[in-house]
Amino acid sequence: MIGFLRDVYRTAIVPAENVYAGIRGRLPVKRRLRYGGVLVDIEVKALDFLFPRFRNKRDIEGYEEALATMLRRTVQPGDTVVVVGGGWGVTACVAAEAVGASGKVICYEGNLRNAERTRRAAELNEVADQLEVVEAIVARDVGIYEGQKAVTVVDPEALPPCRILQLDCEGAEIDIFNRMQIQPEIVIVETHGFLGTPTDKVAETLEQKGYEVRNMGLAEPRVANVCRDNDIFCLLGIRK
217 MIGFLRDVYR TAIVPAENVY AGIRGRLPVK RRLRYGGVLV DIEVKALDFL
267 FPRFRNKRDI EGYEEALATM LRRTVQPGDT VVVVGGGWGV TACVAAEAVG
317 ASGKVICYEG NLRNAERTRR AAELNEVADQ LEVVEAIVAR DVGIYEGQKA
367 VTVVDPEALP PCRILQLDCE GAEIDIFNRM QIQPEIVIVE THGFLGTPTD
417 KVAETLEQKG YEVRNMGLAE PRVANVCRDN DIFCLLGIRK
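In the numbering used here, the protein residues as written are 217 to 456.
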């Protein structure tokens with residue numbers, strides 16, 4: 217039976233999916249997904265549910281939950297916020313909405329595909345005027361995401377002044393803290409112990425830089441076991 221189903225999938229469903237993929241771009245968008253309440257550049261088309269390759273698209277309510285929560289609590293209208301690591305653009309858009317028309321968010325993203333995703337998210341959420349996306353790697357290339365990478369590498373010493381610095385940079389956190397010259401009032405960082413930046417070491421580095429540090433818990437409680445197993449937490453640093 218398993219062999220029969222495998223043959224059906226290979227000979228019937230896969231060719232149908234390939235045909236659908238060719239015409240899908242011309243079909244109207246039913247809706248776009250929301251990650252953490254933020255519109256992201258993932259389209260859902262009306263017929264996607266018919267094809268396994270396209271049907272498993274769903275909103276993710278708790279995406280980047282800890283970072284987004286801390287940004288919503290701390291960012292004020294008129295602030296300048298620097299975000300290192302754009303991803304789907306969720307936290308950058310959260311910050312851009314919070315700073316308002318008089319504020320500014322500068323987001324550094326070293327993966328060109330993610331940089332474009334962040335720009336599209338800014339457009340979809342109507343915060344493009346407040347959000348500047350810089351295609352650049354900050355400090356060093358950790359090499360987590362596949363795809364074309366930015367050719368520009370920004371030294372942490374060159375990061376612009378800001379009231380709030382938010383990092384989700386996949387293992388470059390300690391390098392950035394040790395070399396940056398800016399002194400943000402607030403630092404919000406997602407740690408990545410499995411990439412060589414353990415939470416306790418990141419906290420110690422921030423404390424040495426003059427911050428009172430609080431562990432705000434798992435970075436994404438929706439995947440609690442993954443976060444615990446890989447030491448992925450959210451730290452809040454407030455300058456003393």
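Glycine included, each C-beta is placed from N, C-alpha and C at the ideal position. Because the structure is a prediction, the values reported are computed rather than measured.
Mapping DSSP to helix, strand and coil, what is M216?
-> Only positions 217 to 456 of the chain appear in this structure, which leaves residue 216 out of reach.
Residues sharing a beta bridge with L255, DSSP | R250
Can you list the alpha helix (DSSP H) stretches of 4 or more residues lying completely in the region 370 to 413, in chain order?
-> 389 to 395
By the 10 Å Cβ neighbour count, where 16 or more other Cβ atoms means buried, how is E436 classified, buried or exposed?
-> Looking at its Cβ environment, which holds 16 or more other Cβ atoms inside 10 Å, E436 is buried.
So which of R336, N327, H408 and T290 has the shortest CA-CA distance to T368?
-> N327
Could you tell me if Q346 is buried or exposed, where buried requires 16 or more neighbouring beta carbons within 10 angstroms of its beta carbon?
-> A residue is called buried once 16 or more other Cβ atoms fall within 10 Å of its Cβ, and Q346 is buried on that count.
Got a sec? Which residues, its chain only, sit under 7 Å from V343 by beta carbon, not counting five neighbours each side?
-> Answer for V343: C309, A312 and E313, listed in chain order.
Alpha-carbon spacing of R288 relative to G294, whole angstroms | 14 Å
Length of the line joining the Cα atoms of I404 and T307 | 11 Å
Identify every run of the alpha helix (DSSP H) within the region 260 to 325, keeping only runs that are complete inside it and at least 4 residues long; order them along the chain.
-> 268 to 271, 281 to 290 and 306 to 315
Does DSSP classify K456 as helix, strand or coil?
-> coil
Proximity of Y428 and I454 at Cβ, strictly below 8 Å | Correcting the residue type first, residue 428 is Glu in the shown sequence and not Tyr. Yes. Within cutoff.
Determine the extent of the beta strand (DSSP E) in which L347 is found, giving its start and end residues.
-> L347 to E351
Is V367 helix, strand or coil by DSSP?
-> coil
Through-space distance from L263 to N330, alpha-carbon basis = The alpha-carbon atoms of N330 and L263 are separated by roughly 26 Å.
Kindly list the residues whose CB is nearer than 7 Å to the CB of L447, restricted to its own chain and excluding five residues on each side of it in sequence; keep chain order.
-> For the sequence presented, residue 447 should be read as Asp rather than Leu. Closer than 7 Å at the Cβ level, and outside the excluded window around D447, lie T407, G409, F410, P414 and T415.
Three-state class that DSSP yields for V343 in the structure shown | coil
CA nearest to the CA of N203, picked from T421, E259 and C378 | This structure gives no information on residue 203, because the portion of the chain shown stretches from 217 to 456.
Around the C-beta of L381, are 16 or more other C-beta atoms found within 10 angstroms, so that it is buried, or is it exposed?
-> The residue is buried, with at least 16 neighbouring Cβ atoms inside 10 Å.
Taking Cβ to Cβ, would you say C183 is nearer than 8 Å to V297?
-> No answer is possible for residue 183: it lies beyond the span of the chain, which begins at 217 and ends at 456.
Under the rule that 16 or more other beta-carbon atoms within 10 Å means buried, what is G252, buried or exposed?
-> In the assembly as shown, G252 is a buried residue. Its beta-carbon has 16 or more other beta-carbons within 10 Å.
Residue interval of the beta strand (DSSP E) (run including V358) = First-last for V358: undefined, no H or E at that position.
Residue closest to Q292, alpha-carbon to alpha-carbon, out of I229, V254, G319 and G433 = The candidate whose alpha carbon is nearest that of Q292 is G319.
Counterpart residues of V245 in DSSP-defined beta bridges = K261
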